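Everything below concerns the one structure shown next.
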Amino acid sequence: MSNLKIYKAMTIAGSDTSGGAGMEADMKTFEENQVYGTCALTCIVAQHPEDWFHEIIPLDIVTIEKQLNTILGAIGCDAMKTGMLGSAELVELVAHTIDKYELKNVVIDPVMVCKGIDAIMVPEAAAAIKELLIKRADLMTPNLLEAAYLADLPAIKNIDDMKEAAGVIVERGAKCVAMKAGDRFGGDKAIDLLYDGKEFKIFEAPLIKGAYNHGAGCTFSACMTANLAKGKTVGEAMEITQNFMQKALSGSFPICKFGGATRHWAHRE
Numbered sequence: 011m012s013n014l015k016i017y018k019a020m021t022i023a024g025s026d027t028s029g030g031a032g033m034e035a036d037m038k039t040f041e042e043n044q045v046y047g048t049c050a051l052t053c054i055v056a057q058h059p060e061d062w063f064h065e066i067i068p069l070d071i072v073t074i075e076k077q078l079n080t081i082l083g084a085i086g087c088d089a090m091k092t093g094m095l096g097s098a099e100l101v102e103l104v105a106h107t108i109d110k111y112e113l114k115n116v117v118i119d120p121v122m123v124c125k126g127i128d129a130i131m132v133p134e135a136a137a138a139i140k141e142l143l144i145k146r147a148d149l150m151t152p153n154l155l156e157a158a159y160l161a162d163l164p165a166i167k168n169i170d171d172m173k174e175a176a177g178v179i180v181e182r183g184a185k186c187v188a189m190k191a192g193d194r195f196g197g198d199k200a201i202d203l204l205y206d207g208k209e210f211k212i213f214e215a216p217l218i219k220g221a222y223n224h225g226a227g228c229t230f231s232a233c234m235t236a237n238l239a240k241g242k243t244v245g246e247a248m249e250i251t252q253n254f255m256q257k258a259l260s261g262s263f264p265i266c267k268f269g270g271a272t273r274h275w276a277h278r279e
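What follows is the structure, given as structure tokens:
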């Protein structure tokens, strides 16, 4: 038996049947970052093969709580992240669990939207995330629409708006914010921002034309979680995650006629 230290990370997320996002992306990312992953499933997302319509099948709250008790009562974790939380009741359970087990390195990925949909999916759950999870987060990883909602801004259109939103989110209790703008501002750079309550740091990377980015947000937050589990600082985790994402997106590939996925193992090639 190896005496190598095993770091553990937990995700509370939905299952993406296509394998590109959600729990599947989280677990692949944990593994590629040499972290043992556990998962409490919140729902199953199945895509209709004729038109790729996403059907969300939620799990009942009792089943989700049993999964959390299995992980945290017997295994434990060095860091955790959230994914799709589809109801206010589920958000309340997550907040209670964080407090009950005094969890550290809490990464809240406020999954409120799907790609191509500029609207909050479940308003009650989003409101509960704003009320209950911001103040429990060591790190929030919103995209622009989610960050605008959390900061009560009409929209985020530039880097100054990103800074304003991140400042509000930290004022509301989060210790750090890693905000993903990607290509939303146009140009030839993908832009992300990290704010630790003291300093803003902007990350720019070459925009990868034609990349399949299904699950990129999940992969980003999972990579941050894995590296926090290993004892990295948020700044160190961000540097590692930026490199991981560039390689994963550069190596992205089609999985069917409707789209593709990131190559989580591209950093090994």
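Residues in the sequence shown are numbered consecutively from 11, following our numbering. All C-beta atoms, glycine included, are put in the ideal place defined by N, C-alpha and C. Since this is a predicted model, take the numbers as computed values, not measurements.
Candidates the options, of which the one nearest residue i by Cα
i      : options                           : result
Glu214 : Gly225, Ala221 and Gly197         : Gly197
Ala239 : Met90, Asp70 and Glu60            : Met90
Gln256 : Ile67, Lys219, Val180 and Asp88   : Lys219
Arg194 : Ala147, Glu209, Gly225 and Leu217 : Leu217
Gly86  : Tyr17, Lys38, Glu99 and Ala232    : Tyr17
Leu160 : Gly177, Lys167, Asp170 and Ile169 : Gly177
Pro68  : Ile265, Ala200, Thr243 and Leu100 : Leu100
Ala147 : Ile201, Gly207 and Lys167         : Gly207
Ile66  : Gly24, Lys267 and Ala137          : Gly24
Glu209 : Arg278, Ile201, Ser260 and Gly245 : Gly245
Thr39  : Thr21, Ala56 and Ser28            : Thr21
Ser262 : Trp275, Asp162, Gln252 and Asn253 : Trp275
Met37  : Leu82, Ile71 and Thr235           : Thr235
Asn253 : Asn168, Ala200, Ile265 and Cys266 : Ala200
Limits of the alpha helix (DSSP H) - the one that residue i falls within
i      : result
Ala247 : Val244 to Ser260
Thr21  : Looking at the DSSP string, Thr21 is not in any alpha helix (DSSP H); the run it does join, the beta strand (DSSP E), is Lys18 to Asp26.
Asp171 : Ile169 to Glu181
Lys38  : Gly32 to Glu42
Phe263 : Here Phe263 belongs to no alpha helix (DSSP H); instead the beta strand (DSSP E) covers Phe263 to Cys266.
Ala236 : Ala226 to Ala239
Rounded distance between the beta-carbons of residue j and residue i, thought under 8 Å
i      : j      : result
Lys173 : Leu204 : Actually they are not in contact, since the Cβ atoms of Lys173 and Leu204 sit about 11 Å apart, beyond 8 Å.
Asp88  : Ala184 : No, Asp88 and Ala184 are not in contact; Cβ-Cβ is about 19 Å, not under 8 Å.
Asn43  : Cys233 : 6 Å
Asn223 : Leu259 : 6 Å
Run of the beta strand (DSSP E) containing residue i, from where it starts to where it stops
i      : result
Glu214 : Phe210 to Pro216
Lys190 : Val187 to Gly192
Lys199 : Lys199 to Tyr205
Ala271 : Gly269 to Ala271
Short CB-CB distance (under 8 Å) between residue i and chain B
i      : result
Lys114 : The structure shown contains no chain B, having only a single protein chain.
ask   = Which parts of the stretch 86-167 are runs of the alpha helix (DSSP H), unbroken and 4 residues or longer, counting only runs that do not cross its ends?
value = 98-110, 133-138 and 154-161
Runs of beta strand (DSSP E) lying entirely within the stretch 55-91, each at least 3 residues, in chain order = 64-68
key: Inter-stretch contact at 8 Å, needing at least 3 Cβ pairs: the stretch 45-61 / the stretch 91-101   = yes
message = Assess contact between the stretch 40-50 and the stretch 113-124, defined as three or more Cβ pairs (one per stretch) separated by less than 8 Å. Is contact present?
response = no
message = Across the stretch 136-144 and the stretch 102-109, are there enough close Cβ pairs to call them in contact, namely three or more that are closer than 8 Å?
response = yes
message = Could you check whether the stretch 227-245 touches the stretch 145-152, counting it as contact only if at least three pairs of C-beta atoms, one from each stretch, sit closer than 8 Å?
response = yes
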